[in-house]
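Numbering (the UniProt record's numbering), first residue to last: 1 to 185.
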(Lines of atoms letter the chains of each structure in order from A and count residues from 1; the text may use other names and numbers.)
(Lines give C-alpha, C1' and ligand atoms only; values in the text may rest on other atoms or scores of the structure.)
Protein backbone atom coordinates (compact mmCIF):
# COMPACT_ATOMS: atom_id res chain seq x y z
CA UNK A 1 0.00 0.00 0.00
CA UNK A 2 1.53 3.30 -1.08
CA UNK A 3 1.74 6.06 1.47
CA UNK A 4 1.33 9.53 -0.01
CA UNK A 5 1.71 12.48 2.30
CA UNK A 6 2.48 16.15 1.79
CA UNK A 7 6.08 17.17 2.53
CA UNK A 8 5.14 18.55 5.93
CA UNK A 9 1.89 17.76 7.62
CA UNK A 10 0.81 21.07 9.11
CA UNK A 11 -2.91 20.64 9.77
CA UNK A 12 -5.29 17.74 9.86
CA UNK A 13 -8.95 17.50 8.90
CA UNK A 14 -10.02 19.09 12.20
CA UNK A 15 -7.54 21.93 11.75
CA UNK A 16 -5.29 20.94 14.64
CA UNK A 17 -1.55 21.29 14.29
CA UNK A 18 0.39 18.23 13.25
CA UNK A 19 4.11 18.86 13.32
CA UNK A 20 5.36 15.49 12.08
CA UNK A 21 6.93 15.73 8.65
CA UNK A 22 6.67 12.99 6.05
CA UNK A 23 10.12 11.55 6.77
CA UNK A 24 9.43 11.34 10.51
CA UNK A 25 6.07 9.68 9.89
CA UNK A 26 7.57 7.19 7.43
CA UNK A 27 10.28 6.34 9.97
CA UNK A 28 7.70 5.79 12.72
CA UNK A 29 5.45 3.80 10.38
CA UNK A 30 8.31 1.59 9.15
CA UNK A 31 9.36 0.93 12.75
CA UNK A 32 5.91 0.27 14.21
CA UNK A 33 3.44 -0.89 11.53
CA UNK A 34 4.42 -4.55 11.35
CA UNK A 35 4.53 -5.25 15.12
CA UNK A 36 1.39 -3.14 15.71
CA UNK A 37 -0.47 -5.05 12.99
CA UNK A 38 0.63 -8.36 14.53
CA UNK A 39 -0.53 -7.15 17.96
CA UNK A 40 -3.92 -6.14 16.55
CA UNK A 41 -4.25 -9.37 14.59
CA UNK A 42 -3.45 -11.51 17.62
CA UNK A 43 -5.82 -9.48 19.78
CA UNK A 44 -8.84 -9.55 17.47
CA UNK A 45 -8.20 -12.62 15.29
CA UNK A 46 -9.42 -10.90 12.12
CA UNK A 47 -6.91 -9.69 9.52
CA UNK A 48 -9.28 -7.22 7.84
CA UNK A 49 -10.29 -5.74 11.19
CA UNK A 50 -6.64 -5.54 12.27
CA UNK A 51 -5.80 -3.62 9.08
CA UNK A 52 -8.73 -1.23 9.64
CA UNK A 53 -7.73 -0.63 13.25
CA UNK A 54 -4.09 -0.12 12.22
CA UNK A 55 -5.07 2.56 9.72
CA UNK A 56 -7.40 4.23 12.22
CA UNK A 57 -4.69 4.22 14.92
CA UNK A 58 -2.22 6.10 12.69
CA UNK A 59 -4.92 8.52 11.57
CA UNK A 60 -5.94 9.28 15.16
CA UNK A 61 -2.33 9.77 16.17
CA UNK A 62 -1.82 12.29 13.37
CA UNK A 63 -5.09 14.06 14.14
CA UNK A 64 -4.24 14.36 17.81
CA UNK A 65 -1.15 16.43 17.12
CA UNK A 66 0.80 14.31 19.61
CA UNK A 67 4.50 15.01 19.25
CA UNK A 68 6.08 12.89 21.96
CA UNK A 69 9.65 13.23 23.13
CA UNK A 70 10.98 10.44 20.93
CA UNK A 71 9.96 7.41 18.89
CA UNK A 72 9.38 5.30 22.00
CA UNK A 73 6.83 7.79 23.34
CA UNK A 74 5.10 7.93 19.94
CA UNK A 75 5.12 4.11 19.76
CA UNK A 76 3.56 3.81 23.23
CA UNK A 77 0.95 6.42 22.32
CA UNK A 78 0.16 4.50 19.13
CA UNK A 79 -0.27 1.23 21.04
CA UNK A 80 -2.53 3.03 23.50
CA UNK A 81 -4.72 4.26 20.64
CA UNK A 82 -4.80 0.76 19.10
CA UNK A 83 -5.72 -0.78 22.46
CA UNK A 84 -8.55 1.71 22.90
CA UNK A 85 -9.79 0.93 19.39
CA UNK A 86 -9.78 -2.78 20.25
CA UNK A 87 -11.70 -2.12 23.46
CA UNK A 88 -14.27 -0.07 21.58
CA UNK A 89 -14.65 -2.85 19.05
CA UNK A 90 -15.14 -5.56 21.69
CA UNK A 91 -17.61 -3.41 23.65
CA UNK A 92 -19.98 -3.37 20.72
CA UNK A 93 -22.22 -6.39 20.77
CA UNK A 94 -22.21 -8.16 17.45
CA UNK A 95 -24.35 -11.18 16.65
CA UNK A 96 -22.15 -14.24 16.62
CA UNK A 97 -22.21 -16.51 13.61
CA UNK A 98 -23.28 -20.11 14.15
CA UNK A 99 -20.86 -21.24 11.47
CA UNK A 100 -17.80 -23.09 12.69
CA UNK A 101 -14.74 -22.39 10.54
CA UNK A 102 -13.36 -25.48 8.86
CA UNK A 103 -9.95 -26.68 10.01
CA UNK A 104 -7.47 -27.72 7.41
CA UNK A 105 -6.53 -31.28 8.33
CA UNK A 106 -4.54 -32.07 5.19
CA UNK A 107 -1.66 -34.52 5.57
CA UNK A 108 0.89 -31.77 4.80
CA UNK A 109 0.54 -30.16 8.22
CA UNK A 110 3.21 -31.04 10.71
CA UNK A 111 3.28 -31.05 14.49
CA UNK A 112 4.51 -27.45 14.71
CA UNK A 113 1.45 -26.20 12.83
CA UNK A 114 -0.84 -28.07 15.24
CA UNK A 115 1.07 -26.74 18.23
CA UNK A 116 0.75 -23.18 16.89
CA UNK A 117 -2.95 -23.77 16.37
CA UNK A 118 -3.35 -25.10 19.92
CA UNK A 119 -1.47 -22.16 21.40
CA UNK A 120 -3.46 -19.75 19.22
CA UNK A 121 -6.68 -21.37 20.38
CA UNK A 122 -5.60 -21.14 24.00
CA UNK A 123 -4.75 -17.46 23.53
CA UNK A 124 -8.14 -16.86 21.88
CA UNK A 125 -9.85 -18.23 25.00
CA UNK A 126 -8.20 -15.58 27.17
CA UNK A 127 -9.72 -12.20 27.92
CA UNK A 128 -8.58 -9.49 25.47
CA UNK A 129 -6.48 -7.72 28.13
CA UNK A 130 -4.64 -10.97 28.98
CA UNK A 131 -3.92 -11.57 25.28
CA UNK A 132 -2.70 -8.01 24.85
CA UNK A 133 -0.42 -8.13 27.91
CA UNK A 134 1.08 -11.51 26.97
CA UNK A 135 1.62 -10.40 23.38
CA UNK A 136 3.29 -7.14 24.36
CA UNK A 137 5.48 -8.81 26.99
CA UNK A 138 6.60 -11.96 25.20
CA UNK A 139 6.32 -11.21 21.49
CA UNK A 140 7.06 -7.49 21.41
CA UNK A 141 9.44 -7.63 24.37
CA UNK A 142 7.84 -4.59 26.00
CA UNK A 143 8.82 -3.65 29.54
CA UNK A 144 6.25 -3.56 32.34
CA UNK A 145 6.23 0.23 32.11
CA UNK A 146 5.63 0.14 28.33
CA UNK A 147 2.80 -2.37 28.78
CA UNK A 148 1.23 -0.15 31.43
CA UNK A 149 1.37 2.89 29.15
CA UNK A 150 0.03 0.99 26.13
CA UNK A 151 -2.89 -0.53 28.04
CA UNK A 152 -3.62 2.38 30.36
CA UNK A 153 -2.79 0.45 33.52
CA UNK A 154 -0.64 1.14 36.56
CA UNK A 155 2.98 -0.03 36.23
CA UNK A 156 2.94 -1.49 39.72
CA UNK A 157 0.17 -3.93 38.84
CA UNK A 158 1.60 -5.30 35.57
CA UNK A 159 3.84 -7.93 37.17
CA UNK A 160 1.00 -9.61 39.06
CA UNK A 161 -1.41 -9.22 36.14
CA UNK A 162 1.10 -10.90 33.82
CA UNK A 163 1.56 -13.70 36.34
CA UNK A 164 -2.20 -14.33 36.46
CA UNK A 165 -2.45 -14.11 32.65
CA UNK A 166 0.33 -16.73 32.34
CA UNK A 167 -1.54 -18.95 34.81
CA UNK A 168 -4.75 -18.68 32.79
CA UNK A 169 -2.85 -19.43 29.57
CA UNK A 170 -1.18 -22.45 31.21
CA UNK A 171 -4.58 -23.79 32.25
CA UNK A 172 -5.88 -23.36 28.70
CA UNK A 173 -2.84 -25.19 27.32
CA UNK A 174 -3.25 -28.00 29.85
CA UNK A 175 -6.91 -28.34 28.84
CA UNK A 176 -5.63 -28.94 25.29
CA UNK A 177 -3.25 -31.64 26.47
CA UNK A 178 -0.14 -29.49 26.28
CA UNK A 179 2.31 -29.18 29.15
CA UNK A 180 3.43 -25.60 29.66
CA UNK A 181 6.77 -25.11 31.36
CA UNK A 182 5.39 -22.92 34.12
CA UNK A 183 3.75 -24.14 37.27
CA UNK A 184 0.09 -23.40 37.84
CA UNK A 185 -1.20 -23.63 41.38
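All residues carry an ideal CB built from backbone N, CA and C; glycine is no exception.
Enclosing alpha helix (DSSP H) for residue i [first to last residue]
i, result
"residue 64", "47 to 64"
"residue 43", "22 to 44"
"residue 88", "71 to 91"
"residue 134", "128 to 134"
Residue i (DSSP reduced to helix, strand or coil)
i, result
"residue 152", "coil"
"residue 179", "coil"
"residue 124", "helix"
"residue 67", "coil"
"residue 192", "Outside the modelled stretch of the chain, which goes from 1 to 185, sits residue 192, for which no answer is possible."
"residue 164", "helix"
Proximity winner among the options, relative to residue i (alpha-carbon distances)
i, options, result
"residue 123", "58, 22, 29, 44", "44"
"residue 69", "58, 90, 24", "24"
"residue 210", "28, 126, 166, 39", "The structure shown does not extend to residue 210, since the chain is modelled only from 1 through 185, so no value can be given for it."
"residue 52", "65, 38, 77", "38"
"residue 81", "166, 54, 162", "54"
"residue 179", "48, 90, 119, 91", "119"
"residue 158", "142, 170, 171", "142"
"residue 20", "92, 129, 65", "65"
Length of the line joining the Cα atoms of residue i and residue j
i, j, result
"residue 73", "residue 33", "15 Å"
"residue 139", "residue 71", "19 Å"
"residue 121", "residue 164", "18 Å"
"residue 26", "residue 61", "13 Å"
"residue 76", "residue 83", "10 Å"
"residue 177", "residue 63", "47 Å"
"residue 151", "residue 135", "12 Å"
"residue 36", "residue 127", "19 Å"
"residue 154", "residue 147", "9 Å"
"residue 168", "residue 22", "43 Å"
"residue 31", "residue 137", "18 Å"
"residue 50", "residue 133", "17 Å"
"residue 92", "residue 46", "16 Å"
"residue 166", "residue 57", "28 Å"
"residue 144", "residue 129", "14 Å"
"residue 243", "residue 131", "The question about residue 243 has no answer, for the chain in this structure spans 1 to 185."
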